[in-house]
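When the letters of the sequence shown are read in order and numbered with the numbering used here, they come out as residues 4 to 264. In what follows, a single structure is set out as structure tokens and then discussed.
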Amino acid sequence: MAEQRSFDALVAEGAAVPTEGWDFSWFEGRATEARPSWGYAPSAGERLARAEAALDIQTGGGEVLDFALGRAGAARPVLVAATEGWPPNVAKATALLRPRGVVVVAAPDDAPLPFADEAFDLVLSRHPVRPDWAEIARVLRPGGTYFAQHVGPSSVFELVEYFLGRQPDAVRGGRDPERERKDAEAAGLEVVDLRAERLRMEFHDIAAVVHFLRKVVWMVPGFTVEAYEPQLRSLHERIEKEGPFVAHSSRHLFDVRKSTP
Numbered sequence: 004m005a006e007q008r009s010f011d012a013l014v015a016e017g018a019a020v021p022t023e024g025w026d027f028s029w030f031e032g033r034a035t036e037a038r039p040s041w042g043y044a045p046s047a048g049e050r051l052a053r054a055e056a057a058l059d060i061q062t063g064g065g066e067v068l069d070f071a072l073g074r075a076g077a078a079r080p081v082l083v084a085a086t087e088g089w090p091p092n093v094a095k096a097t098a099l100l101r102p103r104g105v106v107v108v109a110a111p112d113d114a115p116l117p118f119a120d121e122a123f124d125l126v127l128s129r130h131p132v133r134p135d136w137a138e139i140a141r142v143l144r145p146g147g148t149y150f151a152q153h154v155g156p157s158s159v160f161e162l163v164e165y166f167l168g169r170q171p172d173a174v175r176g177g178r179d180p181e182r183e184r185k186d187a188e189a190a191g192l193e194v195v196d197l198r199a200e201r202l203r204m205e206f207h208d209i210a211a212v213v214h215f216l217r218k219v220v221w222m223v224p225g226f227t228v229e230a231y232e233p234q235l236r237s238l239h240e241r242i243e244k245e246g247p248f249v250a251h252s253s254r255h256l257f258d259v260r261k262s263t264p
């Protein structure tokens with residue numbers, strides 16, 4: 004019965020944590036993920052320090068942009084805007100970024116960007132759902148830069164396939180960086196640098212798994228504790244017996260420039 008209570012308590016804890024924003028501090032001590040060598044947020048801060056007008060696409064709760072602006076300091080751009088499509092995150096990002104003078108615009112992820120042509124010399128994004136290269140090219144000024152960290156193919160698929168089974172090759176190969184490079188070039192952009200890494204993740208208890216799947220909703224679409232209770236219980240027992248569940252995230256960095264006529 005102690006094992007039963009332990010499982011129930013952990014699942015209840017993971018199910019109760021708020022999911023708004025992209026603050027992952029709750030996972031400390033419960034899950035780990037290695038970070039890419041390029042250090043996206045500090046590097047974004049360096050870019051912001053050299054920009055005049057910047058846009059952060061799909062800002063989440065604004066945490067990454069807030070950090071990057073802090074690194075830019077007084078050299079930050081005169082104009083900074085951000086978009087976000089999920090209403091709870093819009094509210095969270097507005098509360099966090101408004102004191103920094105950032106305009107947060109509610110905009111669906113699949114809609115055209117609500118800005119004029121050539122409005123920005125820097126466009127940022129961390130983990131966009133799907134980059135709209137034509138829109139990115141449209142809002143960039145000639146000579147402007149798109150600097151972003153994307154999720155790569157088969158990211159955390161050890162966990163995804165534990166719950167969903169083996170995924171089709173087309174799904175496993177989605178978010179391919181070379182395909183995205185071609186799409187960027189087709190939109191008239193020049194890919195100055197493209198780097199990719201796979202990074203070790205560890206889930207130390209089932210509460211971390213539950214919270215992760217509730218927060219990153221596209222991993223196991225429609226995930227609920229009730230629907231996946233047998234798999235969760237089995238995974239809990241496996242972690243208790245064998246130690247952390249290991250997966251690998253996939254990330255790539257884009258440094259893209261819009262050519263000057």
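Cβ atoms here follow ideal geometry from the backbone N, Cα and C, with glycine treated the same way. This one's a predicted model, so the numbers in the text were calculated from it and none came from an experiment.
Which value, in whole angstroms, describes the spacing of the CA atoms of residue i and residue j?
{"i": "E16", "j": "A199", "result": "34 Å"}
{"i": "L216", "j": "V223", "result": "7 Å"}
{"i": "R236", "j": "A78", "result": "51 Å"}
{"i": "V93", "j": "G65", "result": "9 Å"}
{"i": "V163", "j": "P264", "result": "45 Å"}
{"i": "V107", "j": "V14", "result": "34 Å"}
{"i": "L125", "j": "H255", "result": "18 Å"}
{"i": "D172", "j": "D179", "result": "12 Å"}
{"i": "G146", "j": "D69", "result": "25 Å"}
{"i": "T227", "j": "A54", "result": "43 Å"}
{"i": "R241", "j": "V20", "result": "23 Å"}
Can the beta-carbon of residue i be found closer than 8 Å to that of residue j?
{"i": "S157", "j": "S253", "result": "yes"}
{"i": "H153", "j": "F257", "result": "yes"}
{"i": "S262", "j": "E193", "result": "yes"}
{"i": "A56", "j": "L82", "result": "yes"}
{"i": "S99", "j": "A85", "result": "Note that residue 99 corresponds to Leu in the displayed sequence, not to Ser. No; because the gap between Cβ atoms is not below 8 Å, this pair is not in contact."}
{"i": "Y165", "j": "L238", "result": "yes"}
{"i": "A137", "j": "A190", "result": "yes"}
Should residue i go down as buried or exposed, given a rule of 16 or more other Cβ atoms within 10 Å for buried?
{"i": "V219", "result": "buried"}
{"i": "E6", "result": "Residue placement at E6 cannot be trusted, given a pLDDT of 49 that sits under 50; what the coordinates show is reported in the next sentence. Exposed, since its Cβ has fewer than 16 Cβ neighbours within 10 Å."}
{"i": "V3", "result": "Lying before the first or after the last residue shown, residue 3 is absent from the chain, which here runs from 4 to 264."}
{"i": "G63", "result": "buried"}
{"i": "A230", "result": "exposed"}
{"i": "L133", "result": "In the sequence as displayed, the identity of residue 133 is Arg instead of Leu. It is exposed - the Cβ of R133 has fewer than 16 other Cβ atoms within 10 Å."}
{"i": "A114", "result": "exposed"}
With a threshold of 8 Å between beta carbons, is residue i in contact with chain D?
{"i": "P111", "result": "Within the model displayed, chain D is absent; a lone protein chain is all it includes."}
Spell out a yes or no on whether the region 202-217 and the region 22-40 are touching, meaning 3 or more CB-CB pairs, one atom from each, closer than 8 Å. yes
Counting only runs of 3+ residues fully inside the region 108-169, write out the beta strand (DSSP E) ranges in chain order. 123-129 and 143-154
Ordered list of beta strand (DSSP E) runs contained in the region 57-85, each at least 3 residues: none
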